[in-house]
Structures are given as C-alpha cells and as structure tokens.
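Chains as they are written, first to last, in this note's numbering: chain A, 1 to 290; chain B, 1001 to 1257; chain C, 2001 to 2296. For every residue, glycine included, the Cβ atom is placed at its ideal position computed from N, Cα and C. Since this is a predicted model, take the numbers as computed values, not measurements.
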Amino acid sequence: MRWRRARERLIETLIRLSGFSAIAIVMLIFVFLLKEGVALFRTVPLGEFLTGQRWYPISEPPGFGVFPLICGSLLVTIGAAMLSVPLGIASALFISEIARGWMKELLKAGIELFAAIPSVVLGFIGMTLLAPLIRQAFHVPTGLTALTGSITLAFMAMPTIVSITEDALTAVPRGYREAAMALGATRWQMMVRVLLPAAGSGIVAAVMLGIGRVIGETMAVMMVTGNAAVIPHTMLQPVRTLTATIAAEMGETVRGSDHYFALFAIGIVLFVITFVVNLIADRFLHREQR
Amino acid sequence: MVVTARVATAQIDVQDWSVWYGAVPALRAVNLDIRPREILGIIGPAQSGKTSFLQSLNRMTELVPAFRCAGRITLDGKDLYRDFDSQDVRYRIGMVFALPLPLPLSIRENVTYGPRLRGERTRTRLEELTERSLRAASLWEEAKDRLDRPAMTLSGGQQQRLCIARTLAMEPEIVLFDEPCSGLDPISTAKVEDTMVQLKSRYTIVLVTNNTKQAARVSDRVAFFLMGELVELDRTDVIFTAPRDPRTNDYVTGRVG
Amino acid sequence: MDPATRRVQAADRQWRRAELIQRVAFALLFIATLLVALASVLVMGLILIRGAPWLSWEFLTTMPARGMRAGGIFPAIVGTLELIGLTVVFALPMGVAAAIYLTEYARDNWMNRFIRLAIVNLSGVPSVVYGLFGLGLFVIFCRFGTSLLAGALTLAIMTLPVIITASEEALRSVPQSFREVSHSLGASRWQTVRHAVLPFAVPGIMTGTILGISRAAGETAPILFTVAAFYVPRLPHSVFDQAMALPYHLYVLSTQIPNIPQAHRYGTALVLLLLVLSLNVLAVVLRARFRRKRQW
Chain A
1 MRWRRARERL IETLIRLSGF SAIAIVMLIF VFLLKEGVAL FRTVPLGEFL TGQRWYPISE
61 PPGFGVFPLI CGSLLVTIGA AMLSVPLGIA SALFISEIAR GWMKELLKAG IELFAAIPSV
121 VLGFIGMTLL APLIRQAFHV PTGLTALTGS ITLAFMAMPT IVSITEDALT AVPRGYREAA
181 MALGATRWQM MVRVLLPAAG SGIVAAVMLG IGRVIGETMA VMMVTGNAAV IPHTMLQPVR
241 TLTATIAAEM GETVRGSDHY FALFAIGIVL FVITFVVNLI ADRFLHREQR
Chain B
1001 MVVTARVATA QIDVQDWSVW YGAVPALRAV NLDIRPREIL GIIGPAQSGK TSFLQSLNRM
1061 TELVPAFRCA GRITLDGKDL YRDFDSQDVR YRIGMVFALP LPLPLSIREN VTYGPRLRGE
1121 RTRTRLEELT ERSLRAASLW EEAKDRLDRP AMTLSGGQQQ RLCIARTLAM EPEIVLFDEP
1181 CSGLDPISTA KVEDTMVQLK SRYTIVLVTN NTKQAARVSD RVAFFLMGEL VELDRTDVIF
1241 TAPRDPRTND YVTGRVG
Chain C
2001 MDPATRRVQA ADRQWRRAEL IQRVAFALLF IATLLVALAS VLVMGLILIR GAPWLSWEFL
2061 TTMPARGMRA GGIFPAIVGT LELIGLTVVF ALPMGVAAAI YLTEYARDNW MNRFIRLAIV
2121 NLSGVPSVVY GLFGLGLFVI FCRFGTSLLA GALTLAIMTL PVIITASEEA LRSVPQSFRE
2181 VSHSLGASRW QTVRHAVLPF AVPGIMTGTI LGISRAAGET APILFTVAAF YVPRLPHSVF
2241 DQAMALPYHL YVLSTQIPNI PQAHRYGTAL VLLLLVLSLN VLAVVLRARF RRKRQW
C-alpha cells in the first residue's frame, strides 16, 4: 500500500515535470531567438534593420536592411489573400449551405487534401507547371515571380480558410436562417445579409489563420518566387520573402557572424508577426464562441 | 484483504456540518446520525442540499474545486476528513449514482474495478468477488453467461444493478444511493428497491430520493432537507403520518416541491 | 390596371430578379468550389501519372547514382522514416504528459491560461523558425551537430503543440462522470487517469499524433539546417549521423540539380506524397472506427 502510494507520487511528479518541461521548451524558443537575434542590434540599429533598403549580407560593407524582404513577404501574402479569401469563403458557403450528400463530402475532401500536400511538393509543382505558364501568359523573362508565389500559397491557405469558415457558418443558429427566409428573402439574400454577418468574426479568424499560414510558409515560396532581394514594384517581379531568406542563407553563414545574427533577427520578426496574427485570430474565434 | 462477508457496524455522526461552493452555501449546520444496518432515506426538493450531504459522506464533494466545509463528520468516532485518507473513505463508504454509469469495459471489469485498483490480483478471489457482488445486486442470473461482454449491452435497470454490484465489490460498510432509480422504469425500480432491502441485513444504506413514496417504501428513518437545512429526522411512519414540522407535512403531502 | 394588381406585378418582378441573381450566385459559388477542389485533385493526379511509371523496386531500394541523376532514393526514405520514428519517441510521451497535466491536474489560473494561449500560438509559428531554433539549440548549443537527433528533436518540438492540443481535446471528451465513478470506487487521482480516462482517450490522441507526424514528415524547413545532408553515400549508423530525407531530397532534385529526368523528380514527389497521405488516411480511418465503436 505504502509502496504503491510512493510509486504513484513518483508518476505524478513525472507527469508534472514533463508537462512543465514541454511547456518550458516551447517557451525557450522565444528566449533563444531573442538571445541570438538581439546580438545583431549591437552593430546594426533596430531602425536601420527594419527600414534599410539594402539586404547584402555578404557584401563589403554588408547591408542588413530587411525592408525589401518585408515588402516581398507582404506582396506575396496580399496576393495570396486576394485569391484565397474570396475563393475560400465562396467554397465554404457552397459546401455548408448548398452542397448535400456525397457531393459535399467529395468537395470537402478535395479541399482538405491540400492540407496534406507537403509544401515542398507544391513548390515543385509551382516550379514545373505554374512558372512556365506565367512566363508565357505575361511575357516576362522568368516565371518565378511574386504572382507565382501568391497563387501557390493561396491554395495552401485554402483548407484553413474553408474549414474554419465552414465551422463558423455551421455555428449560426438555425433560427436566424428561418427568420430571414420567413421574411421572404431568397436563400442567397439570406446568406449575404444574415449568414455572413452573423458568422463574421469566425470568418475573420479563418482569414487571419490562413494569412498566418501564408506568411510562415517557406519551401514553396522559396522555390517559386525567384528570390531577388529588391523592393518589388509589380506582382510579376521576382521577390524574396523573410522565410525564404532564412532558409536560403542559413546554410552558408558563419556562426557568430553578423549575418548569422541577422537571420535570427528575421526569425524574431517572423515570430512576432505570426504571433500577432494568431492572437488576433484567437480573439475573434473566442468572440464567436461567446 | 480478506474476502469474507462482513457485517456493517460503523456508526456515522454528523455535527454542525456546513458546505459552501465558493460563496454559495449548500448545507447549513446539519446534525444527524446514521446507525448501522439501517436504510436512511433523504428527501427534499431540488437544491435542498440532499446530494451535497450524501457526497459529503464519502468526500466526493472535495472533487469540486471551490468546495469548503465546516463542522465534523465522524466514522466510529474518527474524523472522516482528518483521520482518513480520501481513498480509504470512498472504499469504506461506496456510492451509486443517479444514472447508471458503467465504464465502457466488460461487466467483469466493471465489477472488479475497485478491488483491482486496491491491489487484488488473485484470479479466484476476483471471480468469487464478482459472483458474490452480482448475486447481492440480483444480477448474477442475468449476467453470469456474459461476464466478458461490454457492460453497455445491458439494459438500463441491469446497468444500475451492475453499478450496485461494482460498489459492493469493494466490500464497503455503508452504501450511498443518489436517486438510484431516477432513470429507470417501474419494474427496474422495484428490482433495485428489492435489492436495497436485501442489502440492509449487511450494509448501512443512505438513500437520497426525489420519490417520497420510494422513501416510504424502503427506509427505516427519513430525513427531510430544505434549502440546505435538515428540517426533520424521524422514523419513516412518523415523517409520513405525524411530522412535527409543517414544512415536512407540506412536502410529503405534495403541497410543495 | 388597378394599383393593387400593379403592386403585385412589381413584387413578382422583383422576386424573379432575386431568383435569377440567386441562380447566378450559386453557379459562381459552385465554380469557385470546384476550382479549389479540382486543383488539389489535379496536383495529385499529375504527380501520380508522371511519377508512377518511374516507381520501381530499384528506385525505392537503391542508392542515388551519377550525382543523384539516376539510381534510387533509398537513403532518403530510410532517413525520413527514422526521423519520424524518433520524433514520435520524443514528442508523444511529453505531449501526452503535458496534456494530462493541463486537463487533469492544473487548476484554472492565470498561469495555465497563459500556457494554453502560448501553445495555441506556437502552433502558428513558421516551421523555418523552428528550424532556426533547432539549429541554435540542438546543433550548436547542445553540440549534437547536424544529425538525426537534432532534426528529430526539432521536429518533435514543432509537433508538440499539435499533440498537446489533440490530446487535451481527447482527454476532455471523456465524460466527467467516468472520473467521478472511478473516484467513488476508491481510485486515486492517477489511478483514475490511468484506468478511467486515458484508455478512452487513446484513439483521439493517436489520431492527433499521426496527423502531427504526417505534417512533420513532409516538412523541409526545420530539417534544412538540422539533419539534412545533400548527399550521403551510406545510411546513418547512429542518431549523431547526418541523414538524407525525402522532402529535402525533392528540394535538392528540383532546385540544385539540372539535367535530371523530370520523372525522377515526380517519382520522388510521389513517394513523399504517398507517405504523407497514407498517414493522413490512417488517421481518418482510425477516427472513423473509433467514432463507430464509441459507447458513450
């Protein structure tokens, strides 16, 4: 009896410990990024880092301005959002309100398949199929452009946007729909005037989570956007994103160099952006529940 | 752990027992005693504190995070909340819930759940315990050929008797019943009531019920609770024919609650 | 025509217009949905059609040859499988323990709410950031070097939030009454978790873990600087060795190696896709079976 108590106390302590350490490790990420990234600001001021227009980490003198990279990420993300938000909401509406039976399940499965495709595979397809198409369609010297990245990423964001929007639509009480229909509205009018506003905060959350996914995406974007670290002026130019910069350059840096620290500093920027985006999404998601 | 038919001798005394959940009072200064091998019926309307009182007896109340208490409950003179480990209390004072709640295991695994956790591993003993508990709960004949089938395949009334058997398998002295027939049809109810009366020869039983007729049918004494207070405690016939308190009279004659 | 008839006719016209708009709108919604759903089918179908002819026993079981332009992808497959296995070994016990702690032991106070918030938000952190973290902590600080160990630990940490969230959900879906019953039968807190909660949460935990792992299996960014070797002519001998991995191999084949048969790339993509998809299918089947068998 006493032995069993002792063993039990041990197990409980272990659970607490591993629970805490799982959580601690996870917290450690931020500490670690901070420690390595902040080292850059000893030589490059934060303001210059964020607004500098030159990203030439290995030139002499080096330039550590991430502004072009932020622009690249923003451009690709905005492009992806412009495609995936309307398409995603439309698909969610169709799946949750119009499609029935096997068609509904089939369409749903089709969209959710995207979530399962590894990003490097999508990047590969983007490179081999989409890029040549874009090059021919727009008569540009290379098909590896911001637009190519936006299209690829739009599809990666789709499963998130569709499934969370669908949840939000399903959560709208039946009574709302029936009341609108009883007032003589067509189903379409009901959807536009009642359903979408009622599911509004859930849809905002869906869009935010989708965008969070796009900003953080690395491999596909690195493979299809051409990776030119210049401030882009059109969607048909090659761009370089924050994530791609880390992935492309980390392998070549010398540990402890400014370049190394600069890549961690980019990590902090990414971490902060995605954290804020997810926080906003979380807020809206919980508003929906209340 | 010896598997012999023990006979309950324990005496419970409740002195000035009060319970709060957070700031909400659930029981106010209750005083009563529970005698060995009696059926004590507890009646009262919803929110009267019946269930809080019952759960105080095996310290299930402690599982509610904001639980606070004052006063004393003693088991043979020893303080239930200070001198015992909560697991030992629940082992000696078993409980049957309002709804049949078999775990999604086999019938046999349900019955032996308590003893196995207490370290009983001997097959023959577990088998003996299973048979004896199921017999005592009047389920043996119906269940003996399918002990390894899922408990969920039993009917509602059978499930509730399985829950009784599961409690008895721990060989408790006192068994608490929390409205054990609230989800059952009249025939199943009658079977469970018969079982309780049979158990009286060896166990002390505390029965919380919403059904005053049930309390009248099976209890030796009845306690009437109202808004967290014990209004009256007396022999069953007194409570139902000549209660001292007018509120008791109103309740048992069906004028309130 | 009297005014009443005119009003009726006007209302009728309006209704017809609304109906027409609805029909057009629904058609557009359908096209949008089809576009999205078909795109995924197109991607998969293409990889299947162009990759399948290249698949052979030799492709799967031999070493790359001639600067990876020929031969097989055996070391990449083995590397990915080893990586997945190690990731599960690290992430599963810790994730489940953390979930048990959060659901069964932790009280609802500001600290645990903060922890939960942190976990939710960490599942949104970009995978390349996990890669950076793994490089800094495991490869450099812990001196594991570029190795299977460092990569698996990195993937494990990336997967932890997924496993914790899924396990928490699975544990919470076990009815509270099971816990009460178990306690009433004299079980201690741990006994209750062990015998009346955990067994019934296992299918949910497994589904969540497999989904998390399938994501980890397809990730490239976190292993880019922690495990991945451009080319190693032999299989890893210990967890401290570098290894090849399928997603990284596909990346290398598509971007670093020119003049390679396109089918070789498609074949590699197909193998990776099949691996990830079969894990997903496994999770879906498991969940469906569990829902059907569930008795409460």
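Report the rounded CA-to-CA distance for residue i versus residue j, giving the unit in angstroms.
i: A/LEU74; j: A/THR245; result: 14 Å
i: B/VAL1231; j: B/PHE1225; result: 6 Å
i: B/ARG1037; j: B/ARG1221; result: 12 Å
i: A/THR186; j: A/VAL192; result: 10 Å
i: A/ARG287; j: A/ILE98; result: 26 Å
i: A/ASP167; j: B/VAL1007; result: 58 Å
i: A/ALA220; j: C/LEU2224; result: 14 Å
i: A/ARG5; j: C/VAL2193; result: 15 Å
i: C/HIS2237; j: A/SER119; result: 29 Å
i: A/ARG16; j: C/ALA2097; result: 8 Å
i: A/THR152; j: A/PHE20; result: 39 Å
i: C/VAL2043; j: C/PRO2075; result: 26 Å
i: C/VAL2088; j: B/LYS1050; result: 49 Å
i: A/LEU195; j: A/VAL172; result: 7 Å
Does any residue of chain B bring its CB to less than 9 Å from the CB of residue i?
i: C/GLY2204; result: no
i: C/ARG1971; result: Missing from the structure shown is residue 1971 of chain C; chain C here goes from 2001 to 2296 and no further.
i: C/GLN2242; result: no
i: C/PHE2290; result: no
i: C/SER2167; result: no
Relative to the C-alpha of residue i, which residue among the options is closest?
i: B/GLU1120; options: B/THR1195, B/PRO1102, B/MET1170 and B/GLY1094; result: B/MET1170
i: A/SER91; options: A/GLY72, A/ILE78, A/GLY79 and A/ALA109; result: A/ALA109
i: A/ALA206; options: A/SER21, A/PRO86 and A/ILE11; result: A/PRO86
i: C/SER2123; options: A/PRO132, A/ALA199 and A/ASP282; result: A/ASP282
i: C/SER2188; options: B/ARG1123, B/PRO1115, B/ASP1148 and B/PRO1186; result: B/PRO1115
i: C/ARG2066; options: C/PRO2126, C/PRO2233 and C/VAL2128; result: C/PRO2233
i: B/ASP1145; options: B/GLY1156, B/ALA1136, B/ALA1137 and B/GLU1131; result: B/GLU1131
i: A/ALA379; options: A/GLY65, A/PRO232, A/GLU217 and A/GLN53; result: The structure shown does not extend to residue 379 of chain A, since chain A is modelled only from 1 through 290, so no value can be given for it.
i: B/ILE1107; options: B/GLU1127, B/LYS1191, B/THR1253 and B/ARG1244; result: B/GLU1127
i: A/ALA116; options: C/ARG2292, C/ARG2294, C/ALA2288 and C/ALA2283; result: C/ALA2283
i: C/THR2146; options: C/HIS2264, C/VAL2227 and C/ALA2269; result: C/VAL2227
i: C/PHE2138; options: C/THR2062, C/SER2184 and C/VAL2239; result: C/VAL2239
i: A/GLY72; options: A/LEU263, A/HIS233, A/PHE271 and A/TRP188; result: A/HIS233
i: C/ILE2077; options: C/LEU2060, C/GLY2085 and C/PHE2090; result: C/LEU2060
i: A/VAL180; options: A/VAL204, A/ALA198, A/ALA171 and A/SER163; result: A quick correction: the sequence has Ala, not Val, at residue 180 of chain A. Nearest C-alpha to A/ALA180: A/ALA198.
i: C/ARG2215; options: C/PRO2053, C/ASN2259 and C/ILE2157; result: C/ILE2157
i: B/ARG1059; options: B/GLY1071, B/PRO1045, B/ASP1033 and B/ILE1093; result: B/ILE1093
i: C/PRO2261; options: C/LEU2250, C/LEU2211, C/ARG2179 and C/ARG2069; result: C/ARG2069
Does any CB atom of chain A fall closer than 9 Å to the CB of residue i?
i: C/VAL2128; result: yes
i: C/PRO2247; result: yes
i: C/GLN2256; result: no
i: C/SER2214; result: yes
i: C/THR2033; result: yes
Closest Cβ-Cβ distance between residue i and chain C: below 9 Å?
i: B/GLY1114; result: yes
i: B/MET1001; result: Interpretation of B/MET1001 is limited by its pLDDT of 36, a score under 50 that renders its predicted location unreliable; no figure is taken from the coordinates.
i: A/GLU178; result: no
i: B/LEU1259; result: The requested residue 1259 of chain B does not occur in the structure, where chain B is confined to residues 1001 to 1257.
i: B/ASP1148; result: no
Does the beta carbon of residue i sit closer than 9 Å to a beta carbon anywhere in chain E?
i: A/SER150; result: You won't find chain E in this structure, because its protein chains are A, B and C.
task: Anything in the region 2170-2185 of chain C with a Cβ closer than 9 Å to a Cβ of chain B? List those residues in chain order, please.
output: So the list reads PRO2175, SER2177, PHE2178, ARG2179, GLU2180, VAL2181, SER2182, HIS2183, SER2184 and LEU2185, given in the order they occur along the chain.
- request: Taking only beta carbons into account, state which residues of the region 2037-2056 of chain C come closer than 8 Å to chain A, listed in chain order.
  value: Along the region 2037-2056 of chain C, going in chain order, the ones with a CB nearer than 8 Å to a CB of chain A are ALA2037, LEU2038, ALA2039, SER2040, VAL2041, VAL2043, MET2044, LEU2046 and ILE2047.
- request: Let me know the beta strand (DSSP E) ranges lying completely inside the region 1116-1189 of chain B, each 3 residues or longer, listed in chain order.
  value: 1174-1178, all fully within the region 1116-1189 of chain B.
- prompt: When you check each C-beta in the region 1092-1106 of chain B against every C-beta of chain C, which residues fall closer than 8 Å?
  reply: Correct list: GLY1094, MET1095, PHE1097, LEU1099, LEU1101, LEU1103 and PRO1104.
query: Along the chain, which unbroken stretches of the beta strand (DSSP E) at least 3 residues long are found entirely within the region 1040-1112 of chain B?
result: Whole beta strand (DSSP E) segments, 3+ residues: 1067-1075 and 1093-1096.
message: By the 9 Å beta-carbon criterion, what residues does the region 210-231 of chain A contribute toward chain C?
response: Listed by position along the chain: GLY212, ARG213, ILE215, GLY216, GLU217, THR218, MET219, MET222 and MET223.
Residues within the region 239-262 of chain A neighbouring chain C, beta-carbon criterion of under 7 Å: Correct list: THR243, ILE246, ALA247, MET250, GLY251 and ARG255.
Interface residues of the region 2264-2278 of chain C facing chain B [CB-CB below 9 Å]: Of all residues in the region 2264-2278 of chain C, none has a C-beta nearer than 9 Å to a C-beta of chain B.
- prompt: Taking Cβ-Cβ distances below 7 Å as the criterion, which residues of the region 1051-1083 of chain B are in contact with chain C?
  reply: So the list reads ASN1058, MET1060, LEU1063 and PRO1065, given in the order they occur along the chain.
- prompt: In chain order, what residues of the region 110-132 of chain A put their CB closer than 8 Å to some CB of chain C?
  reply: So the list reads GLY110, ILE111, LEU113, PHE114, ALA116, ILE117, PRO118, SER119, VAL120, VAL121, LEU122, GLY123, PHE124, ILE125, MET127, THR128 and LEU129, given in the order they occur along the chain.
field: Runs of alpha helix (DSSP H) lying entirely within the region 2135-2217 of chain C, each at least 4 residues, in chain order
entry: Given a length threshold of 4 residues, each whole run of the alpha helix (DSSP H) inside the region 2135-2217 of chain C is given here in chain order: 2148-2172 and 2176-2184.
query: Which runs of the alpha helix (DSSP H) spanning at least 4 residues fall entirely within the region 190-235 of chain A, listed in chain order?
result: With a minimum length of 4 residues, the continuous alpha helix (DSSP H) runs that stay inside the region 190-235 of chain A are 200-216 and 219-224.
message: Along the region 1132-1146 of chain B, where does the CB come closer than 9 Å to a CB of chain C? Name the residues.
response: Answer set for the region 1132-1146 of chain B: empty.
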